[in-house]
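Contents: one structure, followed by commentary.
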Amino acid sequence: MGSRLDLRLTTSFGSGRTGVFLAISLLFERMRFEGVVDMFQTVKLLQWQRPSLVKSSAEYAFCYVTALEYLNSFDQFNL
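Going left to right, the sequence shown walks through residues 381 to 459 as our numbering numbers them.
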């Protein structure tokens, strides 16, 4: 029996840190279910609904680096 976590994020503008969290979260879900590792398309998909979700190149870079760190973490545990 799996557990389910309902999560609600609120923000005044729907962008910034919340947008970054959503982009990273969606990318991890896409990695898990689709085998897709494509930050650009993931952010583009989210921006279709909310154009300013990830506003700056610094926010996009943070998403990218976080995904890279996540993927690299698996190499550390392979024996």
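Glycine residues also receive a C-beta, built at the ideal position from the N, C-alpha and C atoms.
From a predicted model like this one, the values you see are computed outputs, not experimental measurements.
Check your understanding: Ordered along the chain, which non-local residues of its own chain (more than five positions away) have a Cβ less than 6 Å from that of residue 438?
Key -> The residue you call residue 438 lines up with position 58 of the sequence shown. No residues qualify anywhere along the chain.
Review point. Which two residues bound the contiguous alpha helix (DSSP H) that contains residue 398?
Key: For this step, residue 398 is matched to residue 18 along the sequence shown. Here the alpha helix (DSSP H) through residue 398 covers 397–414.
Practice item. Determine the contact status of residue 425 and residue 399, defining contact as a CB-CB distance below 9 Å. Key: Numbered from its first residue, the sequence shown carries residue 425 at position 45. Numbered from its first residue, the sequence shown carries residue 399 at position 19. Contact flag unset, no.
Check your understanding: What's the call for residue 390, buried or exposed, on a 16-neighbour Cβ count within 10 Å?
Key -> Mapped onto the sequence shown, residue 390 falls at position 10. So residue 390 ends up on the exposed side.
**Study point:** residue 395 classed as buried or exposed, judged by whether at least 16 other C-beta atoms fall within 10 angstroms
**Key:** Mapped onto the sequence shown, residue 395 falls at position 15. Under this definition residue 395 is a buried residue.
Review point. Once you ignore the five residues that flank residue 419 on each side, which residues in its own chain have a CB closer than 7 Å to its CB?
Key: In the sequence shown, the residue the question calls residue 419 occupies position 39. Excluding positions up to five away in sequence, the list reads 407, 443, 444, 447.
Practice item. Figure out for me which residue from 397, 386, 449, 383 has the closest Cα to the Cα of residue 435. Key: By one-based count along the sequence shown, residue 435 stands at place 55. The candidate whose alpha carbon is nearest that of residue 435 is 397.
Review point. Taking the alpha-carbon positions, what's the residue 383 to residue 416 distance?
Key: To locate residue 383, count along the sequence shown from 1; it is residue 3. To locate residue 416, count along the sequence shown from 1; it is residue 36. Rounded to the nearest angstrom, the two C-alpha atoms are 24 Å apart.
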